[in-house]
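Numbering (my numbering), first residue to last: 4 to 181.
In this text, a Cβ means the ideal position worked out from N, Cα and C, and glycines have one as well.
Next up, the structure:
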């Protein structure tokens, strides 16, 4: 049990005298309470998304940030020859966003609704990807090119003007010489 901090504060909000009002053996009674009165349910994120999809997503607000940061992992024998390839494949699947895509697809199937074309209003903004950054890098590179061209033009014009001034005065002026 936490002695201080946010976990202590949250724990204090539970009704410990009548535990049946705060603690449920299954998640369904908790979801029933959400629509009946001021009630917040702490439940695994994916389970909450599935329950909300089954009961109607428009009735529930699901927090974007998980309360308890835990995921599933995979265990196997140490030194197994397939571990590097397996890790590489899992990383690729995760980075490509396939896990989130599959999850969304399953939740849509459970809810019986059509796939959401733009579900950012429900989930919030998506993470920035390389596609989003391409325009910024393009503008940055164009700026570098313009800067290099301007520097080159300045150098050429400076040399030209210096040589022209030398012809006008009859001297060939060298910078830094007396």
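Does DSSP classify residue i as helix, strand or coil?
| i | result |
| --- | --- |
| residue 2 | Beyond the ends of the chain as shown, which are 4 and 181, falls residue 2; an answer cannot be given. |
| residue 15 | helix |
| residue 45 | coil |
| residue 166 | helix |
| residue 124 | With a pLDDT of only 48 at residue 124, under the threshold of 50, the placement of this residue in the model should not be trusted, and no figure is reported. |
| residue 7 | coil |
| residue 65 | coil |
| residue 23 | helix |
| residue 28 | coil |
| residue 75 | coil |
| residue 155 | helix |
| residue 97 | helix |
| residue 81 | coil |
| residue 103 | helix |
| residue 40 | coil |
| residue 113 | helix |
| residue 148 | helix |
| residue 59 | coil |
| residue 86 | helix |
| residue 129 | coil |
On the premise that residue j lies in contact with residue i, defined as a C-beta separation below 8 Å, what is that separation, rounded to the nearest angstrom?
| i | j | result |
| --- | --- | --- |
| residue 114 | residue 36 | Incorrect: roughly 21 Å between the Cβ atoms, too far for contact. |
| residue 18 | residue 30 | Residue 18 to residue 30, Cβ: 18 Å. No contact. |
| residue 52 | residue 44 | Actually they do not touch by this definition, with Cβ atoms about 12 Å apart. |
| residue 48 | residue 69 | 5 Å |
| residue 62 | residue 94 | That belief does not hold up - the Cβ atoms of residue 62 and residue 94 are roughly 37 Å apart, past 8 Å. |
What do you get for residue i, buried or exposed, if any count of 16 or more other CB atoms within 10 angstroms of its CB means buried?
| i | result |
| --- | --- |
| residue 55 | buried |
| residue 26 | exposed |
| residue 77 | exposed |
| residue 4 | exposed |
| residue 141 | exposed |
| residue 167 | exposed |
| residue 85 | exposed |
| residue 34 | buried |
| residue 96 | exposed |
I'd like to know whether the C-beta of residue i is nearer than 8 Å to at least one C-beta of chain C.
| i | result |
| --- | --- |
| residue 45 | Any reference to chain C falls outside this structure, which holds one protein chain only. |
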